[in-house]
Structures are given as structure tokens and as C-alpha cells.
Amino acid sequence: MANQKVSQDTGDLVLNRISKFYGDFKAVDDLSLTVPDGSFFALLGPSGCGKTTTLRMIAGLEEPSQGTIHIGETDITTQKPYRRNVNTVFQNYALFPHLTIFENVAFGLRRRGIKDVKAEVDKALALVELGHLAERKPGQLSGGQQQRIAVARAIVNRPEVLLLDEPLGALDLKLRRQMQIELKRIQMEVGITFIHVTHDQEEAMTMADTIAVMNQGKIEQMGSATDLYEAPRTAFVANFLGQCNLIKAKVQSRAGGKAVVTAKGHTFEIPLSRVSTENDSILLGVRPEKLRLDDKGINSIKDCVVTDRSFVGTSTQYLVRTPWDLELVVFEQNDEGLHDLRVGDKVSLEWDPEHTFGLDGAQDVNAGADLDDDE
Amino acid sequence: MKRDIESLAPETRALIRAQLTRRSLLVGAGAVVGAGTLAACGTGGSETEGAGIVDVSDTEKIVRWANWPLYLDFDEDAKVYPTLQQFESATGITVTYTEDIDDNNSFYGKVQGQLAIGSDIGYDIVTPTDWMAARFIEQGYAQELDAANIPNKGNIREVLANVGFDPGRNYSLTWQSGFAGFGWNVQKIPKGVRTMEDLFAPANKGRVVVLSELRDTIGVILQYQGVDPSGPFTEDQYMNAIDFLKGKIADGFIRKVRGNSYSEDLVNGDAVAVIGWSGDLFILKSENDGKFDFAIPESGGTLWSDNMLVPSTSTHKKNAELLMNHYYDPAVAAEVAAYVNYICPVEAAQPELEKIDPELAASPFIFPDAETLSKVKVFRALTADEQTNFQAAFDEAIGN
Amino acid sequence: MAFLHTATGTSSGPKSGIKSKSWTPYLLLAPGLIWLITFFIFPIISLASTSTMVRPEGAQIGTYVQELRFANYIDAFQANQEQYIRSFIYAALATILALAIAYPLAYMIAFKSGKYRNILLVLVVAPFFTSFLLRTVAWTQILGDEGPIVSTLKLLPFVDESMRLTSTPFAVVSGLTYNFLPFMTLPLYASLERIDPRTLEASGDLYANAFTTFRKVTVPLSLPGVVAGTLLTFIPAAGDYINAAILGNPNTRMIGNVIESRFFAVVDYPTAAALSFTLMATILILVTLYIRRTNTDELV
Ligand SMILES: Nc1ncnc2c1ncn2[C@@H]1O[C@H](COP(=O)(O)OP(=O)(O)O)[C@@H](O)[C@H]1O
Ligand SMILES: [Mg+2]
Numbered sequence: 000m001a002n003q004k005v006s007q008d009t010g011d012l013v014l015n016r017i018s019k020f021y022g023d024f025k026a027v028d029d030l031s032l033t034v035p036d037g038s039f040f041a042l043l044g045p046s047g048c049g050k051t052t053t054l055r056m057i058a059g060l061e062e063p064s065q066g067t068i069h070i071g072e073t074d075i076t077t078q079k080p081y082r083r084n085v086n087t088v089f090q091n092y093a094l095f096p097h098l099t100i101f102e103n104v105a106f107g108l109r110r111r112g113i114k115d116v117k118a119e120v121d122k123a124l125a126l127v128e129l130g131h132l133a134e135r136k137p138g139q140l141s142g143g144q145q146q147r148i149a150v151a152r153a154i155v156n157r158p159e160v161l162l163l164d165e166p167l168g169a170l171d172l173k174l175r176r177q178m179q180i181e182l183k184r185i186q187m188e189v190g191i192t193f194i195h196v197t198h199d200q201e202e203a204m205t206m207a208d209t210i211a212v213m214n215q216g217k218i219e220q221m222g223s224a225t226d227l228y229e230a231p232r233t234a235f236v237a238n239f240l241g242q243c244n245l246i247k248a249k250v251q252s253r254a255g256g257k258a259v260v261t262a263k264g265h266t267f268e269i270p271l272s273r274v275s276t277e278n279d280s281i282l283l284g285v286r287p288e289k290l291r292l293d294d295k296g297i298n299s300i301k302d303c304v305v306t307d308r309s310f311v312g313t314s315t316q317y318l319v320r321t322p323w324d325l326e327l328v329v330f331e332q333n334d335e336g337l338h339d340l341r342v343g344d345k346v347s348l349e350w351d352p353e354h355t356f357g358l359d360g361a362q363d364v365n366a367g368a369d370l371d372d373d374e
Numbered sequence: 000m001k002r003d004i005e006s007l008a009p010e011t012r013a014l015i016r017a018q019l020t021r022r023s024l025l026v027g028a029g030a031v032v033g034a035g036t037l038a039a040c041g042t043g044g045s046e047t048e049g050a051g052i053v054d055v056s057d058t059e060k061i062v063r064w065a066n067w068p069l070y071l072d073f074d075e076d077a078k079v080y081p082t083l084q085q086f087e088s089a090t091g092i093t094v095t096y097t098e099d100i101d102d103n104n105s106f107y108g109k110v111q112g113q114l115a116i117g118s119d120i121g122y123d124i125v126t127p128t129d130w131m132a133a134r135f136i137e138q139g140y141a142q143e144l145d146a147a148n149i150p151n152k153g154n155i156r157e158v159l160a161n162v163g164f165d166p167g168r169n170y171s172l173t174w175q176s177g178f179a180g181f182g183w184n185v186q187k188i189p190k191g192v193r194t195m196e197d198l199f200a201p202a203n204k205g206r207v208v209v210l211s212e213l214r215d216t217i218g219v220i221l222q223y224q225g226v227d228p229s230g231p232f233t234e235d236q237y238m239n240a241i242d243f244l245k246g247k248i249a250d251g252f253i254r255k256v257r258g259n260s261y262s263e264d265l266v267n268g269d270a271v272a273v274i275g276w277s278g279d280l281f282i283l284k285s286e287n288d289g290k291f292d293f294a295i296p297e298s299g300g301t302l303w304s305d306n307m308l309v310p311s312t313s314t315h316k317k318n319a320e321l322l323m324n325h326y327y328d329p330a331v332a333a334e335v336a337a338y339v340n341y342i343c344p345v346e347a348a349q350p351e352l353e354k355i356d357p358e359l360a361a362s363p364f365i366f367p368d369a370e371t372l373s374k375v376k377v378f379r380a381l382t383a384d385e386q387t388n389f390q391a392a393f394d395e396a397i398g399n
Numbered sequence: 000m001a002f003l004h005t006a007t008g009t010s011s012g013p014k015s016g017i018k019s020k021s022w023t024p025y026l027l028l029a030p031g032l033i034w035l036i037t038f039f040i041f042p043i044i045s046l047a048s049t050s051t052m053v054r055p056e057g058a059q060i061g062t063y064v065q066e067l068r069f070a071n072y073i074d075a076f077q078a079n080q081e082q083y084i085r086s087f088i089y090a091a092l093a094t095i096l097a098l099a100i101a102y103p104l105a106y107m108i109a110f111k112s113g114k115y116r117n118i119l120l121v122l123v124v125a126p127f128f129t130s131f132l133l134r135t136v137a138w139t140q141i142l143g144d145e146g147p148i149v150s151t152l153k154l155l156p157f158v159d160e161s162m163r164l165t166s167t168p169f170a171v172v173s174g175l176t177y178n179f180l181p182f183m184t185l186p187l188y189a190s191l192e193r194i195d196p197r198t199l200e201a202s203g204d205l206y207a208n209a210f211t212t213f214r215k216v217t218v219p220l221s222l223p224g225v226v227a228g229t230l231l232t233f234i235p236a237a238g239d240y241i242n243a244a245i246l247g248n249p250n251t252r253m254i255g256n257v258i259e260s261r262f263f264a265v266v267d268y269p270t271a272a273a274l275s276f277t278l279m280a281t282i283l284i285l286v287t288l289y290i291r292r293t294n295t296d297e298l299v
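Residue numbers (numbering that gives the first Met the number 0), protein chains in the order written: chain F, 0 to 374; chain V, 0 to 399; chain R, 0 to 299.
So this is what it looks like as C-alpha cells:
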């Protein structure tokens, strides 16, 4: 309606210690987050970790049990959804089945009494390249088209923040890849804050400037894709983003910018800057592609045995068993220096200290591993 | 038209009574389509009497009887009909007793198609009211009775022995009878209702209900207008009575035109005075500590009867006759009378009823004396043309 | 009708064509066809044929011969215009009232009832567990002059002693409304329940307040239920005669009462058939126009 006041706040979106309880169950647990204005932000986490709940609180569809939400200076914690300058692309698009595509997109404009609806809608449809479908009904569109209409319907309102709840979840892999690029392009064109919820780490890494990894209602770690991948600070993040080898170890000394640790009689070095704990019991982490089948380096393990090998095109993937029966994953690029080992071959492993990180040893080694990251 | 239902809870009684409308309410909302199917079967009635019907009574020891609801003595505890049981054990004939007649017209509508083509309607005795019995006989849908099988036939009350539609009772025997007259709420009308002026007194405006049974309502009005409904009255005289009825409806004196459910209107206060049936008011009176009463109008009331007939399609006529004979035994008739409280067709049952219930035996509603009988008339038989035109005029008058 | 299309994006699956010529579909259709012929086509034909018959002077009651007298229709209609028009007015009023009552009820059950949903649904259909007739009779007691409602109303200073509810048009329309309410409620419930709650959230997200969401999303999406419910109420209500017979007076009779009377009491089958036919045809025309107008087949 024309006389409805919609907030025109701009600025960063700030969640301050918000929680959401369903009975005794904490769906979101004391979560704080700042999303910089204009950024493409991804909220990444396994299914059930509270992503949708968080998003719904931002949209105003759910009220936080505790905590506050601000856009810039304005507290929007209890503001009605239809007053928030926030729009959502719903998980299953939630297009209005009884309205044409044009009217779907025009819906928010009409409610706000915008004058030139047609021009705005046409622009939005052009942005998602579906102008020719304006007179169809949603039921006559493919999944990918519906998805883009859902984006157009939200974006046409020029919200301060656009929330996308697993917007690509229902699409097949190829279409998903294509849409990832498309969404990224749209975000750059319109320049508004996108909060993109996904459980697909690859998707998050491809699209987002900043990723917040969420687990059991809390943020585990926030940063750029590279930060999170190269320097995870929890076992969950290490495992959830790509694959990771984690070795239980003891810190022997912390000096000269490096920590010296031992595991089963082997000694390894980690730059102190990459050790995220004060604890002496740590998990030593190294990514599979950082391991080399050699024995020259400072960090090395001799007398290992190849237990499995699989060829995956650009690389060969080995499973290598250490003398103390721990299986590590090794990726070797398929270039000149190829070793071409067989199962049962004796081998040594080595890696650079700069590629090593140290995590708090009190964590579960397998946290975050095998959590529907390729669904 | 129904037995004593005092033994039931009041609400149940009220609901049962509501179902007992003599005009059809139970046919359900199917009338629209029903009119098509049944009418198709019903058109072009044919003479089928005797055609291919062989009495197999001696080999098939059964008789199937369709009667009105709550119209035969019933043992609530044993869940049996005692007088029927007596008959079964005495004769070895099995009786299938059903309360399938809710309304003369709808019952006729249901069976007429089969009667017309001579296919078994599933009953060996049916119990329509006089005028409908007349139609059955006239259309050849009733079999002639063999008096030799009904020695008790002679017990029939004199006024019932020679009726216009069946002189000598060759096709039918009376089951029970009743009067139509004025009923009223004693608390609201202490001085009673004995004349048409009493009925339509200004104080009763909008609280009068009359029967939807043409012969009773118009029969009472005709007598008020000095016309004998049992005599050869003319169409003009009939239409005068219709005009009188129309006038009272238009003036808002008559609130509803109803079947049996008028007794409910009396109970819930919608009606303070009615044209109704003796039996109903008799029961209402005893159920409500004398709150209601009944009188035959000074200008005259009507007498109606329900009659046992053997339909033309029955192959168990002899068994049916034996059953009729059984119920014309004074002792058996008294047992039924003690239960249903209508006029007993067997006068000799009075001393028998005295043994069961002396108070009932003295009731002029069950054993009317000559003076009571002199105040009532039986509506005369109508020709087919009259029946069609008069019924149409009556139904139009009551809004249909 | 409109239920065939689904709202979700996955409805565009491939349609399987007929692969080979087979008798199976026809065999499967047979019982339905036989049923249709026996209980619909045949009665319709016989109804049509009866409607133009004439009763020869002096013939037995219920005897009619075919004379193709189409004037029966004109006679029947002219003689009963009043009840005819009244039927449609009462049915329309009852339909509107039922919609007004059933919509909030169905809405509440669909969206707000939580774990009580099934109990409430059972309560909606509970009246069906007793006979239509008995329920209507019960109304005469509730609305009677000495019943609870009138007695209570009479306590009010401005209600005078002659106040009554039974044997009034009000009682007949109320009875119709009450008796057909479940037919309105259930289709409404079914269509409301099918609405994806996320479309309602999306509407709120797109700046519509609760009322606008109701008007712009909920109502249009429940339109198939509204159409189905109003038809299921209006059609039987227009042909009903129980309510008018039990709750009305001689001036509130409907066309169903006339048909019933002509058929059973007067045994005037041609008039009854002509009236039934006219009623059926009128309902059919009204329904067709209505469905055209509401455009239900395009909905959803
Ligand atoms: N309305 C609700 N009532 C109870 N539990 C809920 C409700 N909504 C969500 N939850 C629970 O909260 C947790 C987080 O849900 P959600 O935010 O949808 O997860 P995600 O979107 O990350 O998959 C889940 O365990 C879910 O079962
Ligand atoms: Mg989710």
C-alpha cells in the first residue's frame, strides 16, 4: 500500500548476540555477525545448523528469543517484515502461483505504491534475462527460470539487504554453476548486500566475498574463502571446507615464531601464527594437495605405505598409511614429476611448515567431515 | 398411527414423533431425480389383478407385513411383539414385520411402479389410510379376501363394517382408527377449543397449526360450513373450504400446516391450538400432566382408519388372512389397544381390555360411544379427477 | 477443475502418451458409464418424457399418456413462479451466509488450529452423523417460541411478546445455511490448506501487511475452494424442501416442496417432472455462467 512506511536504512547489517529457542532446543545460539554494506556474504553450514532460522530473523519472519538486529543505526529486531527494507529469495521460491510473472515481480512495487511499475519490472526481468516470459504463470516455468524470477521479484525492490535461502538447492549441478555466476553478476550490477545461505562449500567459496561457517547455531569462523581454506581455526571448518589431514600432536616448544610438535615420535614445525590454540595438545592439519611424496622437508614422515590410489583426471589421489596406522590423503598433480605409485609401495611424505596449521586438540578429528557437502 | 411411546425418553419420543408425519418428509432430497424414475414406472397403470399370482401360503409359511411405526404392541425388555409371537407359535407361520409406512403418499409412490407391472412389492399385508386403501382397491392393487379364513371378521365395529370404498369389507379390514378434531394447550386456553371461532380466536393468532392431511383439515372445515364431508358435496363447496383455509393462512392465523409434528409445536409453544388427531393428544395429555386436551368440534370432526390389505402381488394371501383373523380376536385386539391407544376396531375387546387396564377401557378415545361417533364423519371417497384436483387445490393453498 | 495444476515449479513433467491400442481403458470406464446411464441418463430421459404427458379425463390416479404437451412447462412455471424465485433467493442467501461463516472457520482450521486440526475437522462433519431430518427438527426446538433463543431474546426490553423465529424466512435460510455449512467448509479448508505458507511469508516480505496478504494472496489462492463450496451449497439448497417444510410456513415454500407435493400428494407426475427439469436446467445454466465468470479453470 502506498501509505506504508518502509524503512530506508542503509549501512552494515549487525546481528548482536541473537538466539532462537524452540522449546529447549537452541536453533541459533548467541550468534553475532556483521555483514558489511554491499558485500556478497555467504552463510555456510550443514543442514539443520540454523541458517534458515537466522535468515528468517533478519527478514522478520521469526523474532529472536534474545539479541538485537540492526541495519546501520536502526534497530529492526521487532519490526514487521513488511516494514523492513529487506527482501528474501525463498528456498522454494514461493512465487505467487495465481499471478503472472509480471505481477509477481510487480507485487512489492505495487504494495509500496511505486509509480512506474512497468519500467521497474521490465528492468528487473531484463536483469535476469526473462523479459519474454512476463505474461506466463509460475507453473509454466522451469526450475531455473522460477529461481531467477524469485531473484527479480526481490531485487526489483532495491532492498538494503537481499536474503537468499539456498536459492540454487533445487537446481541440477550444471544449472547451479551457471546461476552462481549469474547471481554474482547481478550482485555486482545492483550493488546491494547479498546474504547467501548454502550448505555447499564450493558454492560459498565461488561466490562470496566473506563466508561465515555455521555449526550448531554458532559461527565457527568467518573470513574470505582463502582464509578459511588455508587457515581454518577449527576442525569443523578444516573438514567442512575441502578435505583435510589432521594429526594429533603435542607441542614441545613455542619459540622463534614457530611451534615444534611431536606425534608418535615424529617432530614437525608449524608457524606460530598458524596455531590457533594455547593448548599443548593440538591437531596438526595439512591439506592433501600440500603433501608431497618425498622425504626432503622439515616436516616429513618416512616408512609409509600406499593403501589406495585413484586417478581423478587432473590429479591422482592416494591413501597413505603412516607407521602408526593413520591414513592420510595425498593429491598429486598429474604433471612431469609424477610418481605413479602402486598399492603396497613404500613411500615417504613431506610438506612445508607454512602449509601446516595447528588446531585445538580437544576437538573431534572428524568434526564437519562428510556432512552433505556434495548434495 | 403409533403406539404408546411413553416408555421412551422425552427427547427420543419427540424425534420419533417428528418422523411420523403422515405427509412425506422422509423421502429425502432425492425428489427431483426420483420424480423422473418413479413417474416413468408409474405412468399408464394397468390391470394386473390375479395375473399369474398363485397363493403358495400352504407351502411357504410366511407373511410379510408393512405397518406404520410404533403401531403394534412391543415388549421393550424381550424386544419382541407378543401378539405376533402368539400368532407364530399358534400357526407355524413366520411373520416379517416392518415399519415401512411413514406416509401414505410416499409409500404409494414407492410400491406403485411394481404393483403396476405385477412384480412382488415384498409385502403380504399393507396398512394404508382409508382414502389410500380406496385407491389400492380401485386400481386393482388389493386382492379380495376369503371370509372363510377370517371367522373373526364379524367382530368389526359396526360403523366400520360398511365403508364407502369397500362395502362389506371384501378387500380390507380396519387396523386402528382415530378422530381428527381440536387440540389445545390448557394453560394458554383454559376455556378450551370447541368451535372454529374458539380455534381462530384473536388471542391465538399465529399460534394455530393445522394438519397437512386434506381429509382431516378440510373435513373439519366443511362441517363448520355445514357441509357433510361424507356426503356428495360439490366442488364449489370443497373450494369454499379451501378458501376459508387460504384466508386463515393469509391472515397469519395459521402458522404452519404440518403432519404429526404438530404435537411438537404444541410442546415447544409454537402452537396453542391445532386441528389434530385424538391419539396424539391423548398421549400428549398423559405425558404432560394434562397440559393438553382434545375435543371433537361441535360442528363435527372426522374419523379415519388405517386398513389392512393384501396387495395384488402377494402370494401369501391365506397366511395374511389368518393373521388378520388373529388380530380380530377380542383378547388380541385388547392387547394391541392397551398399547397403541387408538380406536380399537373390535368392540368386543372392551371387556378384555378392562382386565388389563380398566381406565383405558373406559376411554372414549379407544372405545367411543354412540354419541361420540355421531359427531364424526368419514370423508367420502373421491373420484380420481376429484382426488387430483382437490389435492392440488389443497397443496396450493398450503403453499406448495 | 482448477486442482489439476500445481503451484510448484515441478509440474511440467512429461505427459505419457497412449502407447498402444488397448481395451483396458474402456473396460475401466465401463462401470462408471453403466452407472451414469442407469442413474443419470435414463432418469433424465424418463423425466423429460414424463414432463410432456397429460392425464386423460377420468383416468385412474397416476395414469398419464404422452401427448408431447410442452405447455406443461409454461403451466408449471407460471403456477409456481413464486416458489421458484424464492428457492433461488433463499439458496443464494444461504450460500452467502455459509461462505461468511465457513471462510473464517476453514481459515482458522487450516492455519491456526495446530494440533486440534483433526478434532476440528471431525466437528465440522459431526452433524453428518445424525440424520439431516433430525438435525432440522432439532432446530425447531432451538428456535421455538418457548425455546432457549426466543425466551432469552424476550428478556430484552425492545423485543415484544409476539417475537418468533420458527415458521419465518429467517428460520428457513438459517436451516439451509446450517445444513449445508460442511459442504462449504470442507472445500474451503482443502484449498486453504493447500496454500504454501511461504507464499504468505513472501507476501509479507514484499511489503504486504496481514490484510493485504489475505486479500491479494490468500483469497485468490482459495478461490477454487470458494467456487466448489458455493456450488456444493447452492445446488442442493436450491432444490431442498426439508428446511422449508420443517422450519417455514405456507409462505416460505420452495420449489422442492412443490415438486414433492406434485409428485407424492397430487400424483401429478408431469408437473413434478417439468418443474424438476426446469430447476435442473436453471441450476445448470447458473453454474455454467458462474464458473465462466470466476474463471476457475485458469486459476492456479
Ligand atoms: N519452527 C520450528 N520449531 C522447532 N524447531 C525448529 C523450527 N524451525 C527450525 N527448527 C529446528 O532448528 C534447527 C535449525 O533449522 P534451520 O534454521 O531450518 O536449519 P538450516 O536452514 O541450517 O538447515 C533444526 O534442527 C530445525 O529442526
Ligand atoms: Mg534451511
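We put the beta carbon where it would ideally sit given N, CA and C, even for glycine.
Checklist entry - If we ignore side chains and look at the alpha-carbon of each, how far apart do T167(R) and V5(F) end up? => result When the Cα atoms are used, T167(R) and V5(F) turn out to be separated by approximately 53 Å.
Checklist entry - Is K217(F) near ligand 1, in the sense that its beta carbon is under 6 Å from a heavy atom of that ligand? => result Because no heavy atom of ligand 1 lies under 6 Å away, the Cβ of K217(F) does not count as near it: no.
Next on the checklist: In the DSSP output, what is R320(F) paired with across the bridge?
Outcome noted: V304(F) and E326(F).
Next on the checklist: Excluding the 5 residues flanking Y83(R) on each side, which residues of the same chain have their C-beta closer than 6 Å to its C-beta?
Outcome noted: The answer, listed in chain order, is I254.
Item to check | In DSSP terms, what W419(F) is bridged to | outcome: Absent from the structure is residue 419(F), since the part of chain F shown begins at 0 and ends at 374.
Item to check | Euclidean distance between Cα positions of L283(F) and V216(R) | outcome: A direct Cα-to-Cα measurement between L283(F) and V216(R) gives close to 56 Å.
Checklist entry - Can you find a C-beta in chain F that's less than 7 Å from the C-beta of R197(R)? => result R197(R) counts as touching chain F.
Checklist entry - Going straight from the alpha carbon of D384(V) to that of E286(V), what length do you get? => result D384(V) and E286(V) have their C-alpha atoms spaced approximately 42 Å apart.
Checklist entry - Of the choices E353(F), F40(F), L340(F) and S314(F), whose alpha-carbon is the least far from that of D431(F)? => result Absent from the structure is residue 431(F), since the part of chain F shown begins at 0 and ends at 374.
Checklist entry - Along chain R, which residues have their Cβ under 7 Å away from the Cβ of S105(V)? => result Within chain R, the residues near S105(V) are F263.
Checklist entry - Tell me which same chain residues have a C-beta within less than 6 Å of the C-beta of K187(V), skipping the five on either side of it? => result The residues are V271.
Next on the checklist: For Y284(R), count the other beta carbons within 10 Å of its own beta carbon; 16 or more makes it buried, fewer makes it exposed. Which is it?
Outcome noted: Reading off the sequence shown, one finds Ile at residue 284(R), where the question assumed Tyr. Counting Cβ neighbours within 10 Å, I284(R) comes out exposed, since fewer than 16 surround it.
Next on the checklist: For the structure I just gave you, are there three or more beta carbon pairs, one from the stretch 343 to 356 of chain V and one from the stretch 78 to 91 of chain V, closer than 8 Å?
Outcome noted: No, because fewer than three Cβ pairs between the stretch 343 to 356 of chain V and the stretch 78 to 91 of chain V fall closer than 8 Å, the two stretches do not touch.
Item to check | Neighbour list for R193(V) in chain R, Cβ cutoff strictly below 8 Å | outcome: Per Cβ cutoff of 8 Å: no residues; R193(V) is ~24 Å from chain R at best.
Checklist entry - Can you name the start and end residues of the alpha helix (DSSP H) that V250(F) belongs to? => result From DSSP, V250(F) is part of no alpha helix (DSSP H) but of the beta strand (DSSP E) over N244 to A254.
Checklist entry - Does the stretch 14 to 22 of chain F come close enough to the stretch 155 to 168 of chain F that 3 or more CB-CB pairs lie under 8 Å? => result With contact defined as three or more Cβ pairs closer than 8 Å, the stretch 155 to 168 of chain F and the stretch 14 to 22 of chain F are not in contact.
Checklist entry - For A211(F), which three-state DSSP category applies? => result In this structure, A211(F) counts as strand in the three-state DSSP scheme.
Item to check | Contact set between V171(R) and chain V, taken where Cβ atoms lie within less than 8 Å | outcome: For V171(R), none of the residues of chain V pass the 8 Å Cβ criterion, the least Cβ distance being about 12 Å.
Checklist entry - Taking the alpha carbon of K245(V) as the point to measure from, which residue in V162(V), A396(V), V219(V) and F106(V) has its own alpha carbon closest? => result Taking the Cα of K245(V) as reference, the smallest distance to any Cα among V162(V), A396(V), V219(V) and F106(V) is reached at A396(V).
Checklist entry - What do you reckon, is the C-beta of T51(F) under 6 Å from a heavy atom of ligand 2? => result Closer than 6 Å to some heavy atom of ligand 2: that describes the Cβ of T51(F).
Checklist entry - Three-state secondary structure (DSSP) at V239(F)? => result Note on residue identity: the sequence assigns Phe, not Val, to residue 239(F). When secondary structure is reduced to three states using DSSP, F239(F) falls in the helix class.
Checklist entry - Excluding five sequence neighbours on each side, which residues of the same chain lie with their C-beta closer than 7 Å to the C-beta of R63(V)? => result If you ignore the 5 residues before and after R63(V), its C-beta comes within less than 7 Å of the C-beta of T95, G121, Y122 and D123, all in its own chain and listed in chain order.
Next on the checklist: Please state the DSSP three-state secondary structure of A366(F).
Outcome noted: Residue state, collapsed to three classes: coil.
Next on the checklist: At the 7 Å Cβ level, is G398(V) part of the contact set with chain R, yes or no?
Outcome noted: At least one chain R Cβ lies under 7 Å of G398(V).
Next on the checklist: For ligand 1, is there any heavy atom lying closer than 6 Å to the beta carbon of A207(F)?
Outcome noted: False, no ligand heavy atom lies under 6 Å from that Cβ.
Next on the checklist: Taking beta-carbon pairs under 8 Å, can you tell me which members of the stretch 250 to 269 of chain V lie near chain R?
Outcome noted: Listed by position, the residues of the stretch 250 to 269 of chain V near chain R (Cβ gap below 8 Å) are I253, R254, K255, V256, S260, E263, D264, N267, G268 and D269.
Next on the checklist: Against chain R, which members of the stretch 331 to 363 of chain F pass a CB distance test of less than 7 Å?
Outcome noted: Those residues of the stretch 331 to 363 of chain F placed with their C-beta closer than 7 Å to a C-beta in chain R do not exist.
Checklist entry - What span of residues does the beta strand (DSSP E) with W34(R) cover, start to end? => result Premise fails: W34(R) lies in the alpha helix (DSSP H), T23 to L35, not in any beta strand (DSSP E).
Item to check | Contiguous beta strand (DSSP E) assignments of at least 3 residues, all confined to the stretch 76 to 149 of chain V | outcome: Qualifying beta strand (DSSP E) stretches, in chain order: 93 to 97.
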